[in-house]
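Single-structure report; data block below.
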Amino acid sequence: MKKILITLLVAMSFGLAAHAQKYALVDMEYILRNVPAYEMANEQLNQVSLRWEKEVNELTKEAEVMFKNYQSDKVFLTDDQKKKREEEIVAKEKEATDLRYKYFGPEGELYKKRQSLMKPIQEDVYNAVKAVAEEKGYQTIFDRASSQSIVFASPRIDVSNEVLGKLGYSK
Numbered sequence: 002m003k004k005i006l007i008t009l010l011v012a013m014s015f016g017l018a019a020h021a022q023k024y025a026l027v028d029m030e031y032i033l034r035n036v037p038a039y040e041m042a043n044e045q046l047n048q049v050s051l052r053w054e055k056e057v058n059e060l061t062k063e064a065e066v067m068f069k070n071y072q073s074d075k076v077f078l079t080d081d082q083k084k085k086r087e088e089e090i091v092a093k094e095k096e097a098t099d100l101r102y103k104y105f106g107p108e109g110e111l112y113k114k115r116q117s118l119m120k121p122i123q124e125d126v127y128n129a130v131k132a133v134a135e136e137k138g139y140q141t142i143f144d145r146a147s148s149q150s151i152v153f154a155s156p157r158i159d160v161s162n163e164v165l166g167k168l169g170y171s172k
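So this is what it looks like as structure tokens:
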């Protein structure tokens, strides 16, 4: 009886092993660092971001200057003039806030620009990862860079260089 039970357990374990999934790892940070288009897109985003930040800062400084001038002229102004200048200052501050939101808000221009520049690169990388997975028979490919739960992984299962090869960049 024991022999039958042991034989049955061994047979079942072989059956489970036959259905085991093949998996691999990629390091997306490593891959993207080695894709020149990604670096160029990042540089473009940085330049645009700096230009827009400068625009917003100029409006903010204008509002600050208007407020300082108002503070120094306040004693000489009539109530109507005070109210008008205060409204102008508030309008300038609102203009700066609105511009900041337009450029840097959740659906702002920077987000849209990032999407337009990065999406094609991300799609190319995804397609290369998918091609490697299909060629090698991997059911799952984990991203080493984003998964903090991977404590150790053998370099033998890292297919990052193969993905770079599919993208046309060899390492």
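Take any residue in the sequence shown, count from 1 to its spot, add 1: that is its number in the working numbering. Built from N, CA and C at the ideal position, the CB exists for glycine as well. Nothing here was measured: the structure is a model prediction, and the numbers come from that model.
- In this chain, Ile158 is not harboured by any beta strand (DSSP E), its DSSP state being neither H nor E.
- Under the three-state reduction of DSSP output, Asp28 falls in the coil class, being neither helix nor strand.
- The region 139 to 146 makes contact with the region 20 to 29, as at least three CB pairs between them are under 8 Å.
- Contact check between the region 58 to 67 and the region 79 to 91: three or more CB pairs, one atom from each, fall below 8 Å, which counts as touching.
- Judged by DSSP in its simplified three-state form, Thr141 adopts strand.
- Looking at Gly106, Asn35, Ala129 and Ser161, the one whose alpha-carbon comes closest to that of Val57 is Gly106.
- If you ignore the 5 residues before and after Gly138, its C-beta comes within less than 7 Å of the C-beta of Lys23, all in its own chain and listed in chain order.
- Rounded to the nearest angstrom, the gap between the Cα atoms of Asn47 and Arg101 is 16 Å.
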